[in-house]
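Asker:
2 protein chains.
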Amino acid sequence: MGLLLKLILILLKLLGLKNKSIMITSEFELIKRYFTKKNRQTKLGIGDDAAIIQIQKNHELVISSDMLVEGIHFIKNTNPSHLGWKSLAVNLSDISAMGAQPKWATLSISLPKVDPIWLKKFSQGFFKCAKKFNIDLIGGDTTKGPLSISITIMGEIKKNKSLLRSGAQIGDDIWVTGELGNASMGLACLQRKLKLSPTLKTKCIKSLQTPVPKVFFGLTLPRYAKSCIDVSDGLIQDLTHITKSSKVGATLFIEKIPCNAAIKTSKKYHYALNGGDDYELLFTAPKKYSSHIQKISKKTKIITTRIGVITNQPSISILDRHGKLVSFKNKGYDHFA
Amino acid sequence: MGLLLKLILILLKLLGLKNKSIMITSEFELIKRYFTKKNRQTKLGIGDDAAIIQIQKNHELVISSDMLVEGIHFIKNTNPSHLGWKSLAVNLSDISAMGAQPKWATLSISLPKVDPIWLKKFSQGFFKCAKKFNIDLIGGDTTKGPLSISITIMGEIKKNKSLLRSGAQIGDDIWVTGELGNASMGLACLQRKLKLSPTLKTKCIKSLQTPVPKVFFGLTLPRYAKSCIDVSDGLIQDLTHITKSSKVGATLFIEKIPCNAAIKTSKKYHYALNGGDDYELLFTAPKKYSSHIQKISKKTKIITTRIGVITNQPSISILDRHGKLVSFKNKGYDHFA
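Sequence order for the protein chains is Y and A.
FYI, in this note's numbering the residues of the first sequence are 6 to 342.
FYI, in this note's numbering the residues of the second sequence are 6 to 342.
(1) So that I know if they touch, is there some Cβ in chain A lying closer than 7 Å to that of N335/Y?
(2) Between the beta-carbon of L112/A and the beta-carbon of L88/A, is there less than 7 Å?
(3) Check the C-beta distance from G280/A over to A188/A and give it rounded, since I have them as a contact under 8 Å.
(4) Looking at C-alpha atoms only, which residue of L278/Y, L185/Y, M159/Y, Q129/Y is the closest neighbour of N84/Y?
(5) Are the region 288-307 of chain Y and the region 176-195 of chain Y touching, with three or more C-beta to C-beta distances below 8 Å?
(6) Please say whether L66/A and P218/A have beta carbons closer to each other than 7 Å?
(7) Consult DSSP for C264/Y and reduce its assignment to one of helix, strand or coil.
(8) I want to know whether the region 286-297 of chain Y touches the region 225-243 of chain Y - three or more CB-CB distances under 8 Å.
(9) Measuring straight from C-alpha to C-alpha, what distance separates N335/Y and D243/Y?
(10) Return the chain-ordered list of same chain residues with a C-beta closer than 6 Å to the C-beta of I158/Y, the five sequence neighbours on each side being excluded.
(11) Label R170/A either buried or exposed according to how many other C-beta atoms from any shown protein chain fall within 10 Å of its C-beta, with 16 as the threshold for buried.
(12) Can you find a C-beta in chain Y that's less than 7 Å from the C-beta of V220/A?
(13) Pull the bridge partners of V74/A from the DSSP assignment, please.
(14) So, do the region 144-155 of chain Y and the region 72-82 of chain A have three or more beta carbon pairs nearer to each other than 8 Å?
(15) Under a CB-based cut-off of 7 Å, is I58/Y close to chain A?
(16) Can you list, in chain order, the stretches of the alpha helix (DSSP H) that have 4 or more residues and sit fully within the region 206-252 of chain Y?
(17) Whole angstroms are fine: how far does the CA of K293/A sit from the CA of G50/A?
(18) Have a look at I210/Y, S115/Y, F127/Y and flag the residue whose alpha-carbon is nearest the alpha-carbon of Y39/Y.
(19) Cβ of I323/A less than 7 Å from any chain Y Cβ?
(20) Cα separation between I154/A and G328/Y?
(21) In terms of residue numbering, what span does the alpha helix (DSSP H) encompassing F127/A cover?
(22) So does the region 248-268 of chain Y actually touch the region 310-330 of chain Y, counting three or more Cβ pairs closer than 8 Å?
(23) Anything in the region 125-153 of chain Y with a Cβ closer than 9 Å to a Cβ of chain A? List those residues in chain order, please.
(24) Under a three-way DSSP split, which group does G328/Y fall into?
(25) Give me the Cβ distance between I36/A and A173/A, rounded to the nearest whole Å; I'm assuming they're in contact under 8 Å.
(26) Sort T245/A, K91/A, E260/A, I210/A by Cα distance to L330/A and report the nearest one.
(27) DSSP three-state label for L14/A, please.
(28) Per DSSP, what kind of secondary structure is S98/A in: helix, strand or coil?
(29) In chain Y, which residues lie with their C-beta within 9 Å of the C-beta of I77/A?
(30) Measure the CB-CB distance between D71/Y and D53/A and report whether it falls below 7 Å.
(31) Please classify N63/Y as buried or exposed, where buried requires at least 16 neighbouring CB atoms within 10 angstroms.
(32) May I ask you to report which of helix, strand or coil DSSP gives R311/Y?
(33) Return the first residue and the last residue of the alpha helix (DSSP H) that G191/Y is part of.
(34) Whole angstroms are fine: how far does the CA of S237/A sit from the CA of L93/A?
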């Protein structure tokens, strides 16, 4: 940041004007100031009618888009740095679920006003995530409008190696990374619908606000897994996508589902089964790869738990530790439900 | 459309309920019903965590994103079919300005409610444009929120053949396709700031609502042109992008600028110079290719006019037919200005 801008910002802060829409009025200036960083793996980035990228030989391109809207995906006055991180992280999660290497992103953002403080924090959060996972921001759009963020993420994978939802086979183990339900518990806390211990509350809100996509873990999966999805709408809903696409069923063991102590002791399993925003990887793999998966888990320091098995039944069943059926709702997050 | 759905729609129409949010409540159903079409050039389309595309040998990928927000880019109650067409068309225009072949799009849309009539018309408009220019819709997102449409478009071009803004050379002719200023005159008519004859009014509003991107024309340009941009923010602003990127200047001949008779007779050149939403191609080419460009113009039936020349001056000048300088404002469309 230039010295002059710094001085003006300090002055405005002293005058209590720091959040006013100031100085940067042009869309082009805005893009240049906050969203143009040096790219590392892009032929042509921001600044022309389009960006240009080159795909490695024998590779194909994997693409996904996600939109985050204020009041729907995040509450008003969400910390802009967290929002910047999360906007990119949730997209990375989709590419990881294909077993691919995410590399490029476009960011379209509509803003009610040009607020330099907000924009600076947002772009810091965004680029913190981009740097961690080696992503180039190659294009996008900025416009006036209600706060909404739309990202398209692109990645590479060797031809025919992508992990689809449709590849699960009867007898496959069902695995999931991390812990489920923390983010939805975090949301319930913020909405004052749930009380948790201070430590757990902090952990859950962190899961909600700055989820960590399982990029490096996802890259190892094509060697062993048969199908994969990221858990964004709730375990049951996302597992249903796998079972429907693969034309199989599934049995889960409730006590194996990785979740925090508060869920286990209070039996509030609905957070782990139907809560959204987990951004963990749910995948299936033949039994013979069990030890390989445990090794990856150790190496990447990502907890990975076998939670069930793919069956020839037409639906999903959940069993308790005595082998008795557990009743549950098959209802995940749906914006229009 | 199923017979049952048709009957229900007729019934609702009779009951005056045709615009109510009905029946389709799930995000997945919505995507399936309105946005899933058979793809022609895509390995994996909508329905998994990400789409997969393959790039031809010796080609690179060209990517652009645009966001359209209600109240900013289009007025409330815009015909949804026109909006569907335009959302895709403005993105195609960016890929054409690179000289590339657009092939794939992702569409993220936030909607205040699920209105089947609106969605049907929007998707019809979108796919009409997609069909005309052979575009596969390969992914995206649907969510609740203020009406906003975000598209990422991807195209292919042979390696190192893209037309950049930075390629203009001193002595190049400056060319533009079509007529400039019609769309901004159309908008002024709708806003009741301008009166036009009924025929011209219809033409201008059509230019505004359903612009036709110059896809086939753009594909021929890399053989002759040195630089290109699409005119979306106004001729002067977009030409400035070329002159600044290429570190050159430009002289334009006001009487050569292609525009409708109302602009010429009333001398309201600001519509042609600064009006947005034209989606014509502005390009520069060495003089020796003049006849080639005129041949392409005839073949593609796209009027193409030589409007000026690239100079070694530091800025843009406009001359009248006597060679006298015309004063003008360098001000195009900017969402935050």
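By construction, the Cβ of each residue, glycine as well, lies at the ideal position given by its N, Cα and C atoms.
Answerer: According to the data block:
(1) Taking the first residue of the first sequence as 1, we reach residue 335/Y at position 330. Not closer than 7 Å to any Cβ of chain A, the Cβ of N335/Y fails to qualify, so no.
(2) As a working note, residue 112/A is residue 107 in the second sequence. As a working note, residue 88/A is residue 83 in the second sequence. Going by C-beta atoms, L112/A is not nearer than 7 Å to L88/A.
(3) The sequence position of residue 280/A within the second sequence is 275, counting from 1. The sequence position of residue 188/A within the second sequence is 183, counting from 1. The pair is a contact, with the Cβ atoms about 7 Å apart (cut-off 8 Å).
(4) Translated into positions along the first sequence, residue 84/Y becomes position 79. It is Q129/Y.
(5) yes
(6) As a working note, residue 218/A is residue 213 in the second sequence. As a working note, residue 66/A is residue 61 in the second sequence. No, the pair does not count as a contact, with Cβ atoms beyond the cut-off.
(7) As a working note, residue 264/Y is residue 259 in the first sequence. In this structure, C264/Y counts as coil in the three-state DSSP scheme.
(8) yes
(9) To locate residue 335/Y, count along the first sequence from 1; it is residue 330. To locate residue 243/Y, count along the first sequence from 1; it is residue 238. For N335/Y and D243/Y, the distance between alpha carbons rounds to 10 Å.
(10) Taking the first sequence and counting its residues from 1, one reaches residue 158/Y at position 153. Only S69, N96, I100, P107, A110 meet the Cβ criterion.
(11) Translated into the one-based positions of the second sequence, residue 170/A becomes position 165. Buried is the call here.
(12) Your numbering for residue 220/A matches position 215 in the second sequence. No, no contact with chain Y.
(13) The residue you call residue 74/A lines up with position 69 of the second sequence. S153/A.
(14) yes
(15) As a working note, residue 58/Y is residue 53 in the first sequence. Judged by the 7 Å Cβ criterion, I58/Y is in contact with chain A.
(16) 220-225, 240-251
(17) Mapped onto the second sequence, residue 50/A falls at position 45. Mapped onto the second sequence, residue 293/A falls at position 288. Distance between the alpha carbons of G50/A and K293/A: 44 Å.
(18) Residue 39/Y sits at position 34 when you count from the first residue of the first sequence. For Y39/Y, the nearest C-alpha among the options comes from F127/Y.
(19) Taking the first residue of the second sequence as 1, we reach residue 323/A at position 318. Cβ-Cβ to chain Y under 7 Å: no for I323/A.
(20) Translated into the one-based positions of the second sequence, residue 154/A becomes position 149. Translated into the one-based positions of the first sequence, residue 328/Y becomes position 323. Going from the Cα of I154/A to the Cα of G328/Y covers about 48 Å.
(21) As a working mapping, residue 127/A is identified with position 122 in the second sequence. Note, F127/A: alpha helix (DSSP H), 121-137.
(22) yes
(23) I143, G144, G145, D146, T147, T148, K149, G150, P151, S153
(24) Taking the first residue of the first sequence as 1, we reach residue 328/Y at position 323. Note: G328/Y maps to coil in three-state DSSP.
(25) Numbered from 1 along the second sequence, position 31 holds the residue referred to as residue 36/A. Numbered from 1 along the second sequence, position 168 holds the residue referred to as residue 173/A. Rounded, the Cβ-Cβ distance is 43 Å, inconsistent with contact.
(26) Counting from 1 along the second sequence, the entry for residue 330/A is found at position 325. Answer by Cα proximity: E260/A.
(27) Residue mapping note: residue 14/A aligns to position 9 of the second sequence, counting from 1. Because L14/A carries a pLDDT of 48, less than 50, the predicted location of this residue cannot be relied on, and no value is offered for it.
(28) Along the second sequence, one-based indexing puts residue 98/A at 93. S98/A: helix per DSSP, three-state reduction.
(29) One-based indexing of the second sequence puts residue 77/A at position 72. Near I77/A (Cβ distances below 9 Å), the residues of chain Y are S115, T148, K149, G150.
(30) Here residue 71/Y refers to the residue found at position 66 when the first sequence is read from its first residue. Here residue 53/A refers to the residue found at position 48 when the second sequence is read from its first residue. It is not a contact, given that the beta carbons lie outside the stated cut-off.
(31) Residue mapping note: residue 63/Y aligns to position 58 of the first sequence, counting from 1. It counts as exposed.
(32) By one-based count along the first sequence, residue 311/Y stands at place 306. It is a strand residue.
(33) As a first step, residue 191/Y is located in the first sequence; it is residue number 186 there, counting from the start. Where G191/Y is concerned, the enclosing alpha helix (DSSP H) stretches over 187-195.
(34) Taking the first residue of the second sequence as 1, we reach residue 93/A at position 88. Taking the first residue of the second sequence as 1, we reach residue 237/A at position 232. Using only the alpha carbons, I get a separation of about 14 Å.
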